[in-house]
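Start counting the sequence shown at 20; every next residue gets the next number (this note's numbering).
For reference, the structure is listed below as structure tokens.
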Amino acid sequence: MSEAQGAYDHPPRPLAQKLGAILWPSFFAAGVATMVFFAFVDPLLLRDMTFPSLPMTRGLGYTLGFFTFWVATASSSLFTWWLLRPASRFNRALPPER
């Protein structure tokens, strides 16, 4: 790799920074989605429509809903992070043939 090409590459980020960039925004978005969703939907009525035999309280329904939203929004953040990685790290020249 030439020096000019390496000057524009970003240094590797620590794992804690990568996880924070994915998990914190998704945590916030999941909290907002949970509040909006459960402002209109009762978790016990939702349970009665989907899994009526499942023993569940409202608190457990809110908790399961939050973690479901968090997984969905974390997946979105992870996919965005994956798409925004610098191409220079992955598009390396092939080694010369011998």
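Yeah, the Cβ is synthetic: ideal placement off N, Cα and C, and Gly gets one too.
Next item on the list: Tell me, please, whether the stretch 68-76 touches the stretch 36-43 by the rule of three or more beta-carbon pairs shorter than 8 Å.
Entry: no
Item checked: Simplified DSSP state of F70, which is helix, strand or coil -> coil
Next item on the list: Under 7 Å Cβ to Cβ from A49, same chain only, skipping five residues before and after it: list those, please.
Entry: F85, F88, W89, T92
Notebook entry, point to check: Where do the ends of the alpha helix (DSSP H) carrying L79 lie?
Noted result: Membership of L79 in the alpha helix (DSSP H) is indicated by the continuous run 77-102.
Item checked: Three-state class that DSSP yields for V60 in the structure shown -> coil
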